[in-house]
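Chains as they are written, first to last, in our numbering: chain A, 1 to 479; chain B, 1001 to 1479; chain C, 2001 to 2479; chain D, 3001 to 3479.
Glycine residues also receive a C-beta, built at the ideal position from the N, C-alpha and C atoms.
There are 4 protein chains.
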Amino acid sequence: MASRTSLEYLESLKDGRAVYYRGRRVDDVTKHEFLSIAVKHAAMLYEFKRDGKFSEMANYSDPDIGLMSMFYKIPKSSEDLLKRHELIKESTRYCNGIFNIIQAIGSDALFSLLITSAKSGDSVLRQRVQKYYRYVVENDLAMAVAQTDVKGDRSLRPHEQADPDLYVRVVESNSDGIVVCGAKAHTTQSIAANEIIFIPTRAMVEKDKDYAVAFAIPANARGLKLVCRPVQEVEGLGTDDAPLSSKNLEIETLTILDHVFVPWERVFLFQDWKLAGELANTFATYHRFTAISYRSVMAELFIGAARLAARYNGIDAAPHVRDDIIEMILYKEILDMAAKAAAHHPLFDDRTGIAIPNPLYTNIAKLYSNKQFPNIVGALVDIAGGLTSTLPTTDDLNSPEIGTYVSKYLQGSTRYSGEQRFKLMRLIREIAGGPMTGYLMGLFIHAEGSMAASKIALYRDYKFERAEELVSKLAGVPI
Amino acid sequence: MASRTSLEYLESLKDGRAVYYRGRRVDDVTKHEFLSIAVKHAAMLYEFKRDGKFSEMANYSDPDIGLMSMFYKIPKSSEDLLKRHELIKESTRYCNGIFNIIQAIGSDALFSLLITSAKSGDSVLRQRVQKYYRYVVENDLAMAVAQTDVKGDRSLRPHEQADPDLYVRVVESNSDGIVVCGAKAHTTQSIAANEIIFIPTRAMVEKDKDYAVAFAIPANARGLKLVCRPVQEVEGLGTDDAPLSSKNLEIETLTILDHVFVPWERVFLFQDWKLAGELANTFATYHRFTAISYRSVMAELFIGAARLAARYNGIDAAPHVRDDIIEMILYKEILDMAAKAAAHHPLFDDRTGIAIPNPLYTNIAKLYSNKQFPNIVGALVDIAGGLTSTLPTTDDLNSPEIGTYVSKYLQGSTRYSGEQRFKLMRLIREIAGGPMTGYLMGLFIHAEGSMAASKIALYRDYKFERAEELVSKLAGVPI
Amino acid sequence: MASRTSLEYLESLKDGRAVYYRGRRVDDVTKHEFLSIAVKHAAMLYEFKRDGKFSEMANYSDPDIGLMSMFYKIPKSSEDLLKRHELIKESTRYCNGIFNIIQAIGSDALFSLLITSAKSGDSVLRQRVQKYYRYVVENDLAMAVAQTDVKGDRSLRPHEQADPDLYVRVVESNSDGIVVCGAKAHTTQSIAANEIIFIPTRAMVEKDKDYAVAFAIPANARGLKLVCRPVQEVEGLGTDDAPLSSKNLEIETLTILDHVFVPWERVFLFQDWKLAGELANTFATYHRFTAISYRSVMAELFIGAARLAARYNGIDAAPHVRDDIIEMILYKEILDMAAKAAAHHPLFDDRTGIAIPNPLYTNIAKLYSNKQFPNIVGALVDIAGGLTSTLPTTDDLNSPEIGTYVSKYLQGSTRYSGEQRFKLMRLIREIAGGPMTGYLMGLFIHAEGSMAASKIALYRDYKFERAEELVSKLAGVPI
Amino acid sequence: MASRTSLEYLESLKDGRAVYYRGRRVDDVTKHEFLSIAVKHAAMLYEFKRDGKFSEMANYSDPDIGLMSMFYKIPKSSEDLLKRHELIKESTRYCNGIFNIIQAIGSDALFSLLITSAKSGDSVLRQRVQKYYRYVVENDLAMAVAQTDVKGDRSLRPHEQADPDLYVRVVESNSDGIVVCGAKAHTTQSIAANEIIFIPTRAMVEKDKDYAVAFAIPANARGLKLVCRPVQEVEGLGTDDAPLSSKNLEIETLTILDHVFVPWERVFLFQDWKLAGELANTFATYHRFTAISYRSVMAELFIGAARLAARYNGIDAAPHVRDDIIEMILYKEILDMAAKAAAHHPLFDDRTGIAIPNPLYTNIAKLYSNKQFPNIVGALVDIAGGLTSTLPTTDDLNSPEIGTYVSKYLQGSTRYSGEQRFKLMRLIREIAGGPMTGYLMGLFIHAEGSMAASKIALYRDYKFERAEELVSKLAGVPI
């Protein structure tokens, strides 16, 4: 189908889903003061797809399926991956620099499931995934993916935890399907999704086999509860002082499964513990490719803000400003070049011919991105000045009593008015000196996998042969 | 006098001062929902001074003045500076790791004024400062210091600005005193002060002489307006989810002088542009010594949180945890050792015999502290995990409908309950993943002077002779 | 022609060139104790091209010219650039990780001259360059490029220097050609080249027009003097203890032009000061692309050495070893992915259709490579241990009196003998603890341009529009 | 006794000691082309002590012993430690920035032995150490300390090694004394010492008890063999081009014990495995205090060289130069302030009253110093330019044929001649671009203990209580 309208999409969310905000059940996420921001943000993706300017980039006419979202196009070539990279970037820019996950992550998971189910050798499973893929695409659905289990004691495997529910698991299976319990943390935009795909978070051993489960459920499934993080970005500063978050943000939930029934046709991995790690990894690779693409555009927010702040403050010629901005450019461009190299040098899955972004380049950029982010914030704060912490509010600017003082004294370079400088600083406070800053720290450091996990994987998978042979030969010693 | 009670102090603030919060005049800061936190935080310093456990450390019996606040004791020796360092640290710990500026900064300014006025050679001025010092001490006053001008275009000197008010200046002088206009940014705890001291922010040239002005006024001076930053820390998360900020925080203001009259007895620098830079620098040295002392205790918040998070998550044996925490230890201890070295190797002012913390060590630690802070936040987030961004709220924990899920699924190591882990994570979100994080970024990077300014000063003042001579002699070439 | 044999190449160097080593004229570089290493290293490129294993990669059959060196193939597509990248890497590996510049740099310069001469609009010039290109290719010549002038006072332009010769300049021109004076620093492998191309090192203004000159001369041109750096690598440790440098190294010279005559057919830029900067930049881009390619293989030396050292020392499971090696992997792979992205996203010169590696990605990787190199050395030293500084020599190992002690006490992990560990450590000392280390520091930090210069160029050329527009639109303020 | 003359000292080394250089026995170290440099460097300490300018600082009149070397004065106060700090720095400066270890390290070991032997509770042992201390002091001896065992497989304890000799051990004991075998690596200036003290390198378990041994032997003890590292600094560049190393350097040896007999009066630890770790640690603390003191002066070499290079190159006003030099200043001053803080806040040994430099501050500075050193080298190379790798030699400068070219073209700023710039660059090549650079890398990264070992110790010993209590109390959760 052609892209749903944003209205159709928003209507589809009124389905009785069990969403909680600050301890209270939310009747209708599209109407909630804060959650509606996240939902409308998701809806912008549907607007993006229908925007004439982006329609070619965002839609695809499949010979078999017909018109469909470009996000769901299965990548079979470098060109497909490059287009996907540009699509993610352009849609992120459309949403003011905030990633819009609602179809990207679903496709990341679907591609992984297509590959893994093919590998399983189980043709029933394979067809199930294909059928579900088609269901999602044909209905232009909005998707969330729940991967990270709550995990309990991080030093223990799933089956070793004191409470067996600390990783999502099958508690019962019968001829109709399975029943699952457990909880996933940090599920982005589950409240804005039509369907949620659950996949394992790590490699498993045989004793973990009840935890080796992947499946999909609608967001209003009975027994599913979505507990939201607070929208501190907007609550903390107020709508006027949160020019970005009051328009664009995403919500993560603690996603609880209390004896949720899943029919067999939605079960995509069941007890096959050997495939759990591979599914987790393949998804991670796709999703990190997505991540380095969107993060490159988020970095533009920092670069643009830094450039304008320097000019507004009258310090654009200062050497430390240049150095700070070069740090930011390196940040953005290393992500970008990595994504491009990963697209140009993909792996191809044997069985399905699906193209997988080069995992080495993807992981390196992701690791770089996690580690450097705090310094990017620091660099912007360095340029913008102490006002990132101490700026008054829009209400002060608008106050008849003190507004004129505020605009008078916030004058910087005479090329701009005090009010304009206030507005710029208001945005900078939001991203580098406000609630969103703290939120972004966690996002950039942990989303799509911790640094420690990335390092272990990177070191484990790296091909050292050529380097070791070079030295062994040269030194005349064995490896 | 012995320390005022916290009640006496709080009463003293009900004086009609013109405080604005989000565009509205605040009648009584001690009663305002958010500003009262900052004010009660200040009051804790009076409790600290009267607490038997700290009374010896916090009070001093002067042969001349009698019992007085130890903060105001004029340092004449290394021992005095060391005690001051410990006093600042212990009072910061008393306030849960949040600096309590209300007498420290006042004394930083008073010491600088005593030195500078002595240097001026003007005995009237010198006596004025001494008299004012005695007034502050004898009344155990709470003080703010307004130094950083709003500055307009940073590439221009005060007298070159398009709007002459962008640095605080004398607009009129007569036999009674002077009239001042302008605004200072980032004035910490002005709303909680009895008196505010204004000093120049930079070195000046002759044409800037109307800007070479230092003076003190009561916080309720006519024409003085205090425009607060928003308390996003508490507004964003709510009291329960801001366990630290709902008890301890400080407020900065945009501090506006609209034709404020200052009688001569409160004018401490007037047109003597040559002394402006020296006063600014001497104050900066004292205040940076204060800063590296309190920041060392703030770092304890991060170290303690990291250690507990590692244990609660079951990852205390992981190598990356150790590396992260060692980064934090270096952060804290480099500040601490610098403060101690600065105290042990002070300068002594010729005329007054007042001990000034070693500026080189003080500035180096300050610069290190600014630059490394983002990585300290990053290190805590790395250990604590994605929950710093996605943790539900206390209302969720307490909800009859979902509270049990929250505590069940937040279980980490079995040595602690899910509820305990929630409470720990709630605090960590506050400092490393919430509104306070953004606020701290600006604070740590800019408070007490920008990095660029610090570098310029450090490089300008450094004694290169011995190093250059060593190399010149060795290479046999001229310097 | 097909690749010359290494013997033919070596013979071609016996042409009376004026080479100086440690103050003395060298009669025959192929016979000199230390310079012969550099020359034989160059000869290995001819062996490489004739090696069956690499012949397809290293040779190209041009429809017009016939069989020729692949280094000289003019890149017209991403594929050409990618092949060039692989060719540089593989030939570097063939030479034990040491770059072999002798045709790469010549082609970097020739491509730039082809582009710039086309741009000049001067068809005579264009044909001259084309003819010279053909001459080089058809004779399979070895080339050096002299770009960096000695520069005198770095704060002055060419024409402002006290001594007019501090940048290479035209001192006379007549109907036959021009006469040039001046000197270039750091000319790599000039002693091993058949021809040397001279190009400007920077952008120029009109007054610099006598310095806007590019030309080629044979290495035995009258008036040309090549003053070598000392081969401290081999002299310091001795052949046995310099297993790498005694086989593979390159020599830089101070390259002096004392009234050297250049016939017009070898003059490629003359007084056209506007093109000087563009020629310098285009060459820099090609040459930095070359640099990030070969540096990626040099990094393999460090990675391989680190892996083996960890194993030989019995610390391969230590977390700090993994972290050190991951630093090295990032180093190598960021260079690699940048080179690939630069090849896949080239610029195309309008007039000639020649593909230029993406300058942004090339420069970013080059800057990263310069800045991080000291830490790569540090990481290897960290793993290898103090023996990088204190290892005895091969003569000690071979000594009848003490050899058995040396091998006994250098035993590490029992998987390897003490002698084997000695041999590994000997190589590691050479690259990370010996004379070559110091040499590499300068090479990695300065070759192909200083960091300060790179930053200025990067910042100047960066496209900030999208980032600034994003923020401007979002904040509602002008750019 | 008053300080020996340097001549007396040099004579004392002609004692038949078994020294090997490049596989050959060296008859007389004072006459050997390269080893004599190290020996004469050591002799400079005796000159220093007799130099009127330093005699007060370098000598001490003990009421009991009489006039003695200040290095051996047992520190009993902060003042003593501060004086020791200054003594180490000043003597390092006297030796052109190169540490002169020959009495400092001996005293580091003697102080540790005095403390440990007192702790052992064995009064015979205690008196032995005291007697030996007196012997050393009264004869103004030059000392080396051999601590780091060759260690074999780093993942195994001493008693677990395949070859039992990989840690120094007692192979026999009888009524006269003990017989020891094994080898120590990296023993600095053993060839220039009168006596060598051997102490354990790590904590031990009961099974390691034969390895828990400390003792002293003369440098000519039978069975002791000293295998030198090569003096690549001077061999690589030649005397003229190694202006520093040709005057001042230290030599490390592989120090082999082949059945060396030690009489009981020289055995200071025997089988008391519980004390091994403590002795190792106490020595390490003293020696790291020594290290951060001398490294601070070595840093002056880099700072001075950077300043002069900037000026000679005409780039002293460039912002990146300032940033590079500030990095160096931080390096130097963090070491300095740490040493001072460690001196002002020492531990005092209960039994002996000996002052031990604060281990926390000492270790932090040492760790910082190891980690940052590569960047200090990088910073100097950045300022000095590519000539650090490609500079011709002094022979070129002096050559009648090409000398005038060299001086002409090495002209930088006109404030200096080309020859002067050559001489400066020659020194900079030596420290930042030559054989000494590689040597220094190992020295700065590994001398006085590896970073990994330092981190483990630092983390293990750190007092986390206050930080954990602060957070525990604030969050309301257990530790």
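Measure the alpha-carbon distance for residue i versus residue j and round it to whole angstroms.
i, j, result
"L3301(D)", "I3102(D)", "21 angstroms"
"S2120(C)", "Q2271(C)", "12 angstroms"
"S2061(C)", "L2087(C)", "16 angstroms"
"L397(A)", "V406(A)", "6 angstroms"
"R1421(B)", "V3381(D)", "50 angstroms"
"E252(A)", "A2284(C)", "47 angstroms"
"V3297(D)", "L2244(C)", "34 angstroms"
"E1448(B)", "I2115(C)", "53 angstroms"
"Y462(A)", "A2379(C)", "18 angstroms"
"V1267(B)", "F1215(B)", "4 angstroms"
"V260(A)", "I1402(B)", "16 angstroms"
I'd like to check one pair, residue j with residue i: are the Cβ atoms closer than 9 angstroms?
i, j, result
"R84(A)", "M70(A)", "yes"
"L1458(B)", "I3329(D)", "yes"
"I1445(B)", "T1437(B)", "no"
"C3228(D)", "V3019(D)", "yes"
"L2226(C)", "I2217(C)", "no"
"M3204(D)", "G3304(D)", "no"
"I2199(C)", "A2146(C)", "yes"
In chain C, what lies closer than 7 angstroms to residue i by C-beta?
i, result
"Y462(A)", "I2329"
Exposed or buried, what is residue i when buried is set at 16 or more other beta-carbons lying within 10 Å of its beta-carbon?
i, result
"S2175(C)", "exposed"
"N139(A)", "exposed"
"G1442(B)", "buried"
"Q1127(B)", "exposed"
"V150(A)", "buried"
"E3233(D)", "buried"
"A38(A)", "buried"
Quick one: which chain B residues come within Cβ less than 7 angstroms of residue i?
i, result
"P1967(C)", "This structure leaves residue 1967(C) out entirely; chain C is present only between 2001 and 2479."
Using a cut-off of 7 angstroms between C-beta atoms, extract the partners of residue i located in chain A.
i, result
"P1435(B)", "Q232, G236, G434, P435 and G438"
Below 9 angstroms on C-beta distance, what does residue i contact in chain A?
i, result
"Y2368(C)", "L330 and I334"
Legend entry - Continuous alpha helix (DSSP H) assignments of at least 4 residues falling wholly in the segment 2122-2193 of chain C: If we require 4 residues or more, the alpha helix (DSSP H) runs fully inside the segment 2122-2193 of chain C come out as 2123-2138.
Inset, instruction - Only counting runs of 4 or more residues, tell me where the alpha helix (DSSP H) segments fall wholly within the segment 1041-1074 of chain B, in order along the chain. - result: 1055-1058
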